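Asker:
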Amino acid sequence: MGNDELTKLKENLGCIISANGFLSTSCSKKVAMEFATKPTKRTNIVSVLQEIECSSDILESIVFANITKYSEFEQEQEVLFDLSSTFKIESISENDPQLVVVKLTATDAGTKIAEKYVDLNRKRNEETTPDILFGILLVQMGKYDQSLTYFKNLLNASDDKVDEARIYNTIGSAYLCKPKLNRAYKFAKRAYRMMIFVVKGSRIKDSTRPMTIMAHVYLRKEMYEESLDFYLEVLEISEKFYGRKHLDTAVALDHIGNAYLEIRDYEQALV
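Mapping the sequence shown onto UniProt numbering, position 231 (from 1) lands on 231, and the numbers just tick up by one.
Shown next, in the form of structure tokens:
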């Protein structure tokens, strides 16, 4: 987890949070520790172990299931939480300098708020076909290698240029998460060019997706000027098509603020 994400968790201690998609967890602490302490080339990263307490006898609206027998990797003992699952941050322990332990409790409180977010997320993907949505789900669950295999197989069966553009974009997203930045940029750029130049009828609105990935790549490479150029263009497009009060516009503003934080321009970050 990034230091900025951990800071946000600390600021929201005792509050209700929701996962940014389906949440993949494990019944095995050993497996969870392996994921939490996995080596990474990213900087400003801290190892975080999230311990979740939940009871199916008490919870009414939280949907979760042990999917071990359906998983390709049964040894991971995977438990999957649904999109609208909400959790209360009970405590954050930093007793071990190598590992931060965050204790969460699954709760029905805040579910309605989370459901509104889920509806917005569905609307953002309403033009996406179910087969691509499944691959996006794999990325959100952290199954990056599986998503890459899935999308490469899907490409072989796809002759729809609109779908291909979205596939290349999500492949770029998966590589960004791995993180393999050069590959992420390559596929995002390909998706962008297809949306703008290849697909019948330029899809400027949708081009913000690959543009955002390319901006993230530049930011991680500390190429701040190039990153901000992309983020600002994404903001301009979002405001044009959605207006200033739309979720996509808010997300674009958040990315710009984070970029200014990275270059320590705090006044611009607050704007």
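Quick reminder that beta carbons are idealized off the backbone N, C-alpha and C, glycines included. Since we're looking at a predicted model, the values are computed, not measured.
Starting from the Cα of ILE256, find the closest Cα among GLY243, ASP229, PHE241 and give me that residue.
Answerer: As a position in the sequence shown, residue 256 is number 256, starting the count at 1. Minimum Cα distance to ILE256 is reached at ASP229.
Asker: Ignoring anything shorter than 3 residues, give me the beta strand (DSSP E) runs that lie fully in the UniProt domain "ADP ribosyltransferase" (14-95), in order along the chain.
Answerer: Taking only runs of at least 3 residues, the beta strand (DSSP E) segments lying wholly in the UniProt domain "ADP ribosyltransferase" (14-95) are 16-18, 23-26, 48-53, 64-66, 78-81.
Asker: Would you please state the rounded distance, in angstroms, between the beta carbons of TYR185 and SER207? I believe it to be under 8 angstroms.
Answerer: As a working note, residue 185 is residue 185 in the sequence shown. As a working note, residue 207 is residue 207 in the sequence shown. No, TYR185 and SER207 are not in contact; Cβ-Cβ is about 15 angstroms, not under 8 angstroms.
Asker: Mapping DSSP to helix, strand and coil, what is LYS143?
Answerer: Translated into the one-based positions of the sequence shown, residue 143 becomes position 143. Coil.
Asker: Give me, in chain order, the residues of the same chain whose beta-carbon lies closer than 6 angstroms to that of residue 291; leave out the 5 immediate sequence neighbours on both sides.
Answerer: Residue coverage of the chain in this structure runs from 1 to 271, which leaves residue 291 outside it and unanswerable.
Asker: Pick from TYR144, PHE151, GLY142: whose alpha carbon is nearest that of ASP131?
Answerer: Within the sequence shown, numbered from 1, the residue matching residue 131 stands at position 131. Of the candidates TYR144, PHE151, GLY142, the one whose C-alpha sits nearest the C-alpha of ASP131 is PHE151.
Asker: Alpha carbon to alpha carbon, what distance is there between ASP248 and residue 294?
Answerer: Past the edges of the chain, shown from 1 to 271, lies residue 294, and the structure says nothing about it.
Asker: Hey, out of LEU6, ALA252, HIS216, TYR242, whose CA is closest to VAL101's CA?
Answerer: Position 101 of the sequence shown, counting from 1, holds the residue named residue 101. The shortest C-alpha separation from VAL101 is found at LEU6.
Asker: By alpha-carbon positions, which one of VAL79, SER47, GLU11 ends up nearest to GLU90?
Answerer: Residue numbering aside, residue 90 sits at position 90 when the sequence shown is read from its first letter. The option with the nearest alpha carbon to GLU90 is GLU11.
Asker: Taking all protein chains shown into account, do 16 or more other C-beta atoms lie within 10 angstroms of the C-beta of MET195, making it buried, or fewer, making it exposed?
Answerer: Your numbering for residue 195 matches position 195 in the sequence shown. The residue is buried, with at least 16 neighbouring Cβ atoms inside 10 Å.
Asker: Count the other CB atoms, across all protein chains shown, that sit within 10 Å of the CB of ASN182; report buried if there are 16 or more and exposed otherwise.
Answerer: Indexing the sequence shown from 1 puts residue 182 at position 182. It counts as exposed.
Asker: For a test of the three-state rule: what should DSSP assign to ALA106, helix, strand or coil?
Answerer: Locating residue 106 in the sequence shown gives position 106, counting from the first residue. Three-state result, ALA106: strand.
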